[in-house]
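Residues in the sequence shown are numbered from 159 upward in steps of one, following the numbering used here. Note that CB positions come from ideal geometry on N, CA and C, so glycine has one too. Below you'll find the structure, written out as structure tokens, and then a few comments.
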Amino acid sequence: MSAAEKTNLLNLDRQAMHDFFAAHGEKPFRATQVIQWIHQYGVDDFEAMTNLSKELRARLKDIAEIRVPEIAQDQVAADGTRKWLLRLDDGNAIETVFIPEEDRGTLCVSSQVGCTLNCSFCSTGHQGFNRSLSVAEIIVQLLVANRALGRDPKGERIITNVVLMGMGEPLLNFDNVVPAMRLMLDDYGYGLSRRRVTLSTAGVIPMMDRLREECPVSLAVSLHAPNDALRDQLVPLNKKYPIRELLEACRRYCADSPRSRVTFEYVMLDGVNDSVEHAHELVRILRDVPSKVNLIPFNPFPQTLYQRSPKPVIDRFRDVLIAAGLTTITRKTRGDDIDAACGQLAGQVKDRTRRRQRLTARVGQA
Ligand code: SAH
Numbered sequence: 159m160s161a162a163e164k165t166n167l168l169n170l171d172r173q174a175m176h177d178f179f180a181a182h183g184e185k186p187f188r189a190t191q192v193i194q195w196i197h198q199y200g201v202d203d204f205e206a207m208t209n210l211s212k213e214l215r216a217r218l219k220d221i222a223e224i225r226v227p228e229i230a231q232d233q234v235a236a237d238g239t240r241k242w243l244l245r246l247d248d249g250n251a252i253e254t255v256f257i258p259e260e261d262r263g264t265l266c267v268s269s270q271v272g273c274t275l276n277c278s279f280c281s282t283g284h285q286g287f288n289r290s291l292s293v294a295e296i297i298v299q300l301l302v303a304n305r306a307l308g309r310d311p312k313g314e315r316i317i318t319n320v321v322l323m324g325m326g327e328p329l330l331n332f333d334n335v336v337p338a339m340r341l342m343l344d345d346y347g348y349g350l351s352r353r354r355v356t357l358s359t360a361g362v363i364p365m366m367d368r369l370r371e372e373c374p375v376s377l378a379v380s381l382h383a384p385n386d387a388l389r390d391q392l393v394p395l396n397k398k399y400p401i402r403e404l405l406e407a408c409r410r411y412c413a414d415s416p417r418s419r420v421t422f423e424y425v426m427l428d429g430v431n432d433s434v435e436h437a438h439e440l441v442r443i444l445r446d447v448p449s450k451v452n453l454i455p456f457n458p459f460p461q462t463l464y465q466r467s468p469k470p471v472i473d474r475f476r477d478v479l480i481a482a483g484l485t486t487i488t489r490k491t492r493g494d495d496i497d498a499a500c501g502q503l504a505g506q507v508k509d510r511t512r513r514r515q516r517l518t519a520r521v522g523q524a
């Protein structure tokens, strides 16, 4: 069988793996064994899967493969943040970032090569878009990072949390993101609790409802503005799914589990969305939504016209929210010396949209 016809087992969540073994006349429990080998032990060689019979191992080599992409670059920032550039089969490359903190280790995972949303303050948007990632290409980011980081002296995994906050809009790649997240939650996979897997969206409302039904992980929403006029400029998707409907979808998302809250991300752009009036407006619109707010100091990238709000302005904004009873934190900027901070992930995108060309031309004229 040629490589092209072999099934890449990294694409299969538990159910799909069951179906695969059933279709080949094998016992379904092989699915849990193989998932454990691949995702718990990081094994990509069938020969090493010693609880499978010799015959089955030989057969698997014939019909299946576990294709882990090449690490094209591996960088560590001064603060310990680490970024991998993974080379995909078609020449595109994506970025994955590990952020160590005192009480946890978070992996920031990409869901698409580039992004279609074109948010004005985001570097990924400026790279244009090529395609969505497969299940394998999403989950392998966790596999590669786990392999590289190993375990702590107590034998616990270094990566305790995953955020889908890398390149791309995860809800526009729903069909591949959900099986990848199921592997993250699977006890035979990575065994993470739903609280420790967070999907971040710019607000694709119909898919938020599907997520709630099919795989209710923690939800973050990139809000960035307290009114539609401003949000239309920053997050063009707002023209399709405006704030009022977005917040209703957030309320629905939380309705099922009483303790859950949506994290609203708000990038602090100097002189754009950071005034005291904006803060009061934000308090008003979030009044009836179970929420937390993360203020993200803007991270600059080449060709951007925005600047980061000064610290006193961010503090003043935060104090208004806290005084109104909103749980608010200012996110620390991490890994910016290796371009690994929020909004700085660019990878290597073979752009299909010609967006980068148009933007370069525009800046050239200015
Ligand atoms: N498309 C999804 C997932 C990307 S998450 C989403 O929009 O939520 C990336 C997070 O970083 C988002 O909250 C995004 O708005 C924020 N971000 C993007 N560019 C940034 C920048 N230059 N500085 C700081 N944060 C940025």
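- Annotated as distal: residue 393 and residue 273, with beta-carbon spacing of 7 Å or more.
- If you look at residue 455, you'll find it in the beta strand (DSSP E) that goes 449-455.
- Beta-bridge partners assigned by DSSP to residue 270: 290.
- If you look at residue 334, you'll find it in the alpha helix (DSSP H) that goes 332-343.
- Following the DSSP letters along the chain, one finds residue 253 in no alpha helix (DSSP H) but inside the beta strand (DSSP E) bounded by residues 251-258.
- In this structure, residue 193 and residue 172 form a Cβ contact; the two beta carbons are roughly 6 Å apart against a cut-off of 8 Å.
- In chain order, 233, 235 and 241 place their CB closer than 6 Å to the CB of residue 496, counting only its own chain and leaving out the 5 sequence neighbours on each side.
- Not one heavy atom of the ligand SAH lies closer than 6 Å to the C-beta of residue 278.
- At a cut-off of 6 Å, the beta-carbon of residue 491 does not count as near the ligand SAH: no heavy atom of the ligand is closer than that.
- Ranked by Cα distance from residue 329, the first of 374, 202, 463 and 258 is 374.
- Under the criterion of beta carbons closer than 8 Å, residue 453 and residue 492 do not qualify as touching, at roughly 14 Å.
- Around the Cβ of residue 211, a 10 Å sphere holds fewer than 16 other Cβ atoms; the residue is exposed.
- In the displayed model, residue 409 falls within a helix according to three-state DSSP.
- Taken atom to atom, the span from the alpha-carbon of residue 215 to that of residue 202 is near 12 Å.
- When rounded, the separation of the alpha-carbon atoms in residue 176 and residue 501 is 38 Å.
- Using a 10 angstroms sphere on the CB of residue 446, the tally of other CB atoms stays under 16, which defines it as exposed.
- The nearest non-hydrogen atom of the ligand SAH is 6 Å or more from the C-beta of residue 256.
- Around the beta carbon of residue 208, fewer than 16 other beta carbons lie within 10 angstroms, which makes this residue exposed.
- Remark: C-beta atoms of residue 336 and residue 295 do not approach each other more closely than 7 Å.
- Its Cα nearest to that of residue 184, the residue 217 stands out among 217, 206 and 444.
- In terms of CA proximity to residue 362, 396 leads the group 396, 387 and 305.
- Between the ligand SAH and the CB of residue 457, the shortest heavy atom gap is smaller than 6 Å.
- In terms of side-chain proximity, the C-beta atom of residue 323 is found nearer than 6 Å to a non-hydrogen atom of the ligand SAH.
- Residue 166 has 223 as its beta-bridge partners, per DSSP.
- In the DSSP annotation of this structure, the continuous segment of the alpha helix (DSSP H) that includes residue 469 starts and ends at 469-481.
- Distances from the alpha-carbon of residue 435 to those of 486, 417 and 478 put 478 closest.
- With fewer than 16 neighbouring CB atoms inside 10 Å of its own CB, residue 463 falls in the exposed class.
- With a beta-carbon spacing of about 16 Å, residue 333 and residue 370 fall beyond the 8 Å limit used to define contacts.
- For residue 192, there is no enclosing beta strand (DSSP E); the enclosing alpha helix (DSSP H) has its first and last residue at 188-193.
- With fewer than 16 neighbouring CB atoms inside 10 Å of its own CB, residue 187 falls in the exposed class.
- CA-CA distance, residue 511 to residue 302, rounds to 30 Å.
- When secondary structure is reduced to three states using DSSP, residue 325 falls in the coil class, being assigned neither helix nor strand.
- With contacts defined by Cβ atoms closer than 7 Å, residue 243 and residue 253 form a contacting pair.
- Contact annotation, residue 279 with residue 427: C-beta distance approximately 6 Å; criterion of less than 8 Å satisfied.
- When the Cα atoms are used, residue 350 and residue 181 turn out to be separated by approximately 29 Å.
- In terms of CA proximity to residue 205, 219 leads the group 400, 486 and 219.
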